[in-house]
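One structure is given here, and the rest of the page talks about it.
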Amino acid sequence: MLTFIIRRILWGILAMAIVIAITFLLFYLLPSANPAVLRGGRNASPATIAYISAELGLDKPIYTQFWDYVKNIVLHFDLGYSYYSSASVTGLIADRLPATISLAGGAIVVTLLAGIPVGIVSAIKRRTFFDRAAMGTALVFVSAPIYWLGLIALYLFAADIGRFRVFDGSGSYVALSTDPGRWFGSLILPWIVLAATLAAVYARVLRGSLIDVMGEDYIRTARAKGLRERRVIMRHGVRSAITPIVTLIGLDVGSLLGGAVLTESVFDIPGIGRLNYDAIAHSDFPIVQGTVLLAALFIIAANIVVDIAYAYLDPRVRPS
Amino acid sequence: MSHLINTRVFAAVGLAAAAATLAACGSSSNSSSNTNTVKQLPLKPGESPSQQQMYNGKKGGTLQVYNQEDFEHLDPGAAYFSVDYEAMYATQRPLYAYMPNNDTLAAPDLATAQPTISDGGKTVTVHIKPNVMFGPPVNRAVTSADVAYAIERGANPNIGNAYFGPYFGAIVGAEDAKGKVIANGGPIAGITTPNPTTIVFKLSSPTASLLVGALSLPLSAPVPASFAKPMDAKKPTTYGSKYVVATGPYMFKANPKTGEFLNVGYFPGKSSVLVRNPNWNAKTDPRPAYLDQININVGGDQTVIGRQVLTGTNTMENDTPANTIVKLAYQKYPSQIVFTPGAGDHYMAVDNKHGPFKNVNVRRAVWAAIDRTAVVRVLGGTLVAAPMTHFIYPGVAGYDQSGGASGPQVPWNVNPAGNLAVAMKYMKAAGYPTGKYTGSATIQYVGENAPTATARDEIGVQALTALGFKVHATYVDQATMYSKYCGVPAQNIDACPNVGWIRDFADPQTVLYVPFWGPGIVPTNNSDWGQVDDPKINAAMDKAALVVGDAARAQAWANIDRMLVDQAVAIPEDFDFQPNIVGSGVRGISDIWDIGTWDYSFSSLK
Amino acid sequence: MADAERGVTGLQAEGGEIAARSPLALFWRRFRKDRVAVVSLGFIIFLILIAAGAPLVVGLVGIPGPTVQNLSLTDAFGSPLGPGSGHPFGVDELGRDVMARVIYGTRVSLEVGIIGTVVATMIGTVLGLIAGFYRGAIDTLLSRFTDVVLSFPVLVLGLGLGAACGVRGCAGGLIQPGLGTILFIIAIVNWTYVYRIVRGQVLSLREKDFVEAARALGASDSRIIFREILPNLIAPLIVYSSLLIPLNILLEAGLSFLGVGIRPPAASWGQMIADATNIFQTAWWYMTFPGLALLLTVLAFNLLGDGLQDALNPRSGR
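Protein chains in written order, with our numbering: chain A, 1 to 320; chain B, 1001 to 1606; chain C, 2001 to 2318.
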């Protein structure tokens, strides 16, 4: 087991290295804009541009540039500086991470609270009106683009501009440390929107999985033993049917921590996703690279955690 | 030259009665009943910027600003962007500054009076106020040496100033004989400070009027050498990105001991806080500075921000609201919106050196074909834009002399709604007997991928397609558009729609010189996007640069404008009029010299 | 895009539950009984016909083509006119007919959805077969590579390539601008899902008796892979492809929403929604109709996928 974990982590580190290399190649070999010009600003002279190119090391061979980049990340945890504000990327990420964690954490909680009960009830009450209505709604949420849902939600429910002024609207986010009450209020709508689409998937997956499990022999055995149906479902059925949900939680937490770009943009939450989006819109590569690496780190870490959790839960999963 | 127009900030809005009439004359007949209603309403609801009452506001309170766009540079040596200027002129005091209502003459700010020009236009002397203090942590009186250092550091590559060469290069010792900047941030021989309140500039050519104009740019705001020098040695400097010292009525909230404002009063891409500068002395400054604090929130959907501002009380948006918000404001909150004329222009740069647009008659044909009234519509109608008819835009000296609203009455310019028959006549003159392009070239057309920008660019595509061109249109983010494609001649982009250049100060040269002066073409970061390089125009510009006197300069540059129209060097799209919105409890004062953005030092709460 | 990531993780999890025992005929017989799925299939066929005959349909309805600009159909503030005679879905800010653009947008969505899925499925299947059958180093290498691909944010990749390759393409013509870039992104990301599923199936199939038997009879590797294993994968592959199509349609819409994708003036639903966000409050129709078209199309593919899955694995049937 221990060797499995170590090997998995080593693979994770290698994967990170490859992601760093791909990001570097993508933005240095195929830059969407000239970094020296962006840094130099509007109408900078050719001499200034040449100077900045040298300063950024753009005149060095590609492998030297790559080596410098990796060295700074590994040795100094330094991801470089924004071309525009000259703020350190590491600092920007640290500043934005709490908002993203708030959004992701709350959304996952709401997702589980909504998705799991609906999934279980749908599976048990298969083919009933509830099941059809719930699964139909879920499918609509799965099929709808999240930016569209977010805008509709704002125009319906936001306190400042909505038809029914229920929840705090866009741009109302405050840090938890500033005011927990307002923090909570400002995140309700984004949590619901993000959770609506996630919960739809969870409910569908859990329903399918639970239906499969309930057809297994050991469930029939449990029933035959005269156990109460409720106990059969909860203790035997849901317990084993929930494993795919564990995978989903792991992967979703991983990808949400990397920044929910569209949700953060629509609700104006100053998190990693918006940092990334703004940076792309301005070709601010150091920030783009930093946020990509962060997102990859979270996803890879989540994958490792899920794999290890699986190995514990299900001994049949042998390291390949 | 002038700072580049940021279309995102600047999606532009329009003006004047003349424009409304012009649009109505266009062939694009309007079936919508709304049109008539609009024409009957006063064209500028709320106060007109040029009549706005700058003083007698109420003192105190906190203003809540919602901007979609963040600042780019907060170092007075690097700031060169209308949104940067909003903070720059509230926190820094250059030698001269424009008052909100005046876009023709800068008033003395740090200086005591207008400069003295002597030695046949080769010497400029400025006296500064003795009792202006630096804010914390420097806390001492500003001297002329601080102004000298501020300008000298403009040549330091670590600062990244964009305009030192063109405006300050004539100072003795700044450039070599070939016009290459040789100063590097250290002392410049031509800048002397005979005493702590006097600064003298010696020039190698008689271009004092250009230099005087440039002394209203943020570069002339004093920078304390002892404090900033160690920072300026870093690549890039940390002055203006991590630390900064204020002289204006406001300062970014900062650590009072170190002057560090990053993540104290400025959170990049997120928010900023401006507070009062404790060392500011109202007696030295014409700015009333009514507000106690300004909170700036960055980001969010444009339509959402706009509604928040209009339905709020102490709220303000200080970049361009969406079309729908302009409409909403105009119809429901007319006292909360103003339209500022003279906010710039936009045109399609076309490659004058290569490809089909090398032929002047092809360029005239495209000019004749493009539906400029359609562009105005897409931008939000005649309140926010008018068809562009020549290159000096409204509000800039020389505008009337070069044709005013309707522009020169040449055949390719007289139909703002586009006239295909006229266009085809010029295509025939260009050697395409059918009146349509029959060559094999595909037009590489690169625009910006913001929603309104893309829609307006499609109108240009329509015009080109109507003339038989095969167009390959690509829309990318603005930074990519300029720095990778349109600013790089080697990329061979045929057309870049929606580009423009706004004045840096009240002189027509700053509008025409950068984008159309041939010798200024460079391989990267080129701002003569159409590679316009006509020897006659170049020579006329060199001559006009030396003309002295406001009226004479206006006429000289108006003549150049006529040459540009005659050669159809670019395809006109629109003149911009900037809309600006506030909440119900704010008395906003608009800077007509800075594309109409609200001035934090003059606006107040009701 | 969060959308894509979410949907895909859902797909993977669902995939784990599917067994591949039913012959194709049985599969079809079961499918026919699922009314919802059959209706969805009918709707999709209808969409395909609309896409194929777009010019004809637009002509029959009697509306202008999708790129015809008519600014007189906007009011003095540039706000487009809503649904009315001559323009059933209203017009956009350039006065172009929204219905015509929605109809032509079907082409883009289906093209991207189907071509992208076919390419991704082919790559994923071949690599999955190889990895699952031979295991060892090649399996490890490919599997870890999928980790890397999956940990790379799709949107960033899309936006980066879109900006870099938008004008003249890049990588020596491998990545074409516009539709080519979108297809490249879809293929390079989505083969990994197919790969994972195929690999998993092959790992279990290769231990089955009939494979052992074939091997004992001296069948070559390629014969075992293509004659013995692949036929057993056809049904699950149909199911997964049908579930990948809606994801790809959403991904295209998301990329177009962010400005990477189909070259204007061609119409794409995602791009129309993006344009509409700016005028949403005054022109509800501009966001609603493309959004509805997107929703219904994705929904139809999802329902079809569900039906196929149920037919494949009757235990999960409704």
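Heads up, the beta-carbon is just placed ideally off N, CA and C, and yes, glycines get one too. Only a predicted model underlies this, so the values are computations on that prediction, with no experimental measurement involved.
Can you tell me whether residue i is buried or exposed? The criterion is at least 16 other CB atoms within 10 Å of its CB, across all chains shown.
{"i": "residue 1354(B)", "result": "exposed"}
{"i": "residue 2226(C)", "result": "exposed"}
{"i": "residue 2087(C)", "result": "buried"}
{"i": "residue 1409(B)", "result": "exposed"}
{"i": "residue 1231(B)", "result": "buried"}
{"i": "residue 1491(B)", "result": "exposed"}
{"i": "residue 1072(B)", "result": "buried"}
{"i": "residue 322(A)", "result": "Because chain A spans 1 through 320 in this model, residue 322(A) falls outside it and cannot be assessed."}
{"i": "residue 6(A)", "result": "exposed"}
{"i": "residue 1088(B)", "result": "buried"}
{"i": "residue 20(A)", "result": "buried"}
{"i": "residue 2110(C)", "result": "buried"}
Does the CB of residue i have a neighbour CB from chain A at under 8 Å?
{"i": "residue 2217(C)", "result": "no"}
{"i": "residue 1210(B)", "result": "no"}
{"i": "residue 1609(B)", "result": "This structure cannot speak to residue 1609(B), because chain B is shown only from 1001 to 1606."}
{"i": "residue 1612(B)", "result": "Summary: the structure shown does not reach residue 1612(B), with chain B confined to residues 1001 through 1606, and so no result is reported for it."}
{"i": "residue 1086(B)", "result": "no"}
{"i": "residue 2147(C)", "result": "yes"}
{"i": "residue 1214(B)", "result": "no"}
Given a cut-off of 8 Å on the beta-carbon distance, is the pair residue i and residue j in contact?
{"i": "residue 2102(C)", "j": "residue 2091(C)", "result": "no"}
{"i": "residue 1378(B)", "j": "residue 1452(B)", "result": "yes"}
{"i": "residue 2298(C)", "j": "residue 2246(C)", "result": "yes"}
{"i": "residue 196(A)", "j": "residue 141(A)", "result": "yes"}
{"i": "residue 2123(C)", "j": "residue 2191(C)", "result": "yes"}
{"i": "residue 1562(B)", "j": "residue 1406(B)", "result": "no"}
{"i": "residue 1430(B)", "j": "residue 1525(B)", "result": "no"}
{"i": "residue 268(A)", "j": "residue 1300(B)", "result": "yes"}
{"i": "residue 158(A)", "j": "residue 170(A)", "result": "yes"}
Under a CB-based cut-off of 8 Å, is residue i close to chain C?
{"i": "residue 323(A)", "result": "Here chain A has residues from 1 to 320 only, and residue 323(A) is not among them."}
{"i": "residue 116(A)", "result": "no"}
{"i": "residue 26(A)", "result": "yes"}
{"i": "residue 1066(B)", "result": "no"}
{"i": "residue 1524(B)", "result": "no"}
{"i": "residue 144(A)", "result": "yes"}
{"i": "residue 1379(B)", "result": "yes"}
Of all Cβ atoms in chain B, is any one closer than 8 Å to the Cβ of residue i?
{"i": "residue 171(A)", "result": "yes"}
{"i": "residue 2278(C)", "result": "yes"}
{"i": "residue 2182(C)", "result": "no"}
{"i": "residue 2079(C)", "result": "yes"}
{"i": "residue 2303(C)", "result": "no"}
*asked:* Output needed in chain order: residues of the region 1305-1335 of chain B with a Cβ under 9 Å from some Cβ in chain C.
replied: Flagged, chain order: 1307, 1322, 1323, 1324, 1325, 1326, 1327, 1328, 1330, 1331.
*Where in the region 1429-1488 of chain B do unbroken runs of the beta strand (DSSP E), each at least 3 residues long, occur, reported from the N-terminal end onward?*
1442-1448, 1470-1476
*Pick out the complete beta strand (DSSP E) segments inside the region 1242-1311 of chain B, 3 residues or longer, and give them in chain order.*
1250-1252, 1271-1276, 1293-1298
*asked:* Against chain B, which members of the region 49-80 of chain A pass a CB distance test of less than 8 Å?
replied: Cβ contacts with chain B come from 49, 51, 52, 55.
*When you check each C-beta in the region 7-18 of chain A against every C-beta of chain C, which residues fall closer than 9 Å?*
Within the region 7-18 of chain A, the qualifying residues are 11, 12, 14, 15, 16, 18.
*Would you list, in sequence order, the uninterrupted alpha helix (DSSP H) runs of no fewer than 4 residues that lie entirely inside the region 31-90 of chain A?*
Listed in chain order, they are 35-40, 46-55, 62-76.
_Minimum length 3: unbroken beta strand (DSSP E) runs contained in the region 1309-1334 of chain B_ = 1315-1317
*Entirely enclosed alpha helix (DSSP H) segments - the region 2058-2139 of chain C, minimum 4 residues*: As far as the region 2058-2139 of chain C is concerned, its whole alpha helix (DSSP H) runs of at least 4 residues are 2098-2134.
*Of all the alpha helix (DSSP H) runs that stay within the bounds of the region 239-311 of chain A, which reach a length of 4 or more residues?*
243-257, 261-266, 272-281
*Check each residue of the region 2141-2175 of chain C: if its Cβ is closer than 9 Å to any Cβ of chain B, include it; give the result in chain order.*
Against chain B - using a Cβ distance shorter than 9 Å - the residues of the region 2141-2175 of chain C are 2159, 2162, 2163, 2164, 2166, 2167, 2168.
_3-residue-minimum beta strand (DSSP E) runs that sit fully inside the region 1164-1224 of chain B, ordered along the chain_ = 1191-1195, 1198-1202
*Residues within the region 279-304 of chain A neighbouring chain E, beta-carbon criterion of under 9 Å*: Annotation note: the requested chain E is absent from the structure, which comprises protein chains A, B and C.
*Starting from the N-terminal side, write out each stretch of the alpha helix (DSSP H) that is 4 residues or longer and does not extend beyond the region 1507-1595 of chain B.*
Under the rule that a run must span 4 or more residues, the alpha helix (DSSP H) segments found entirely inside the region 1507-1595 of chain B read 1509-1516, 1535-1545, 1550-1566.
*Given a limit of 7 Å on CB to CB distance, which residues of the region 1255-1288 of chain B reach chain A?*
1262, 1263, 1267, 1268, 1269, 1270
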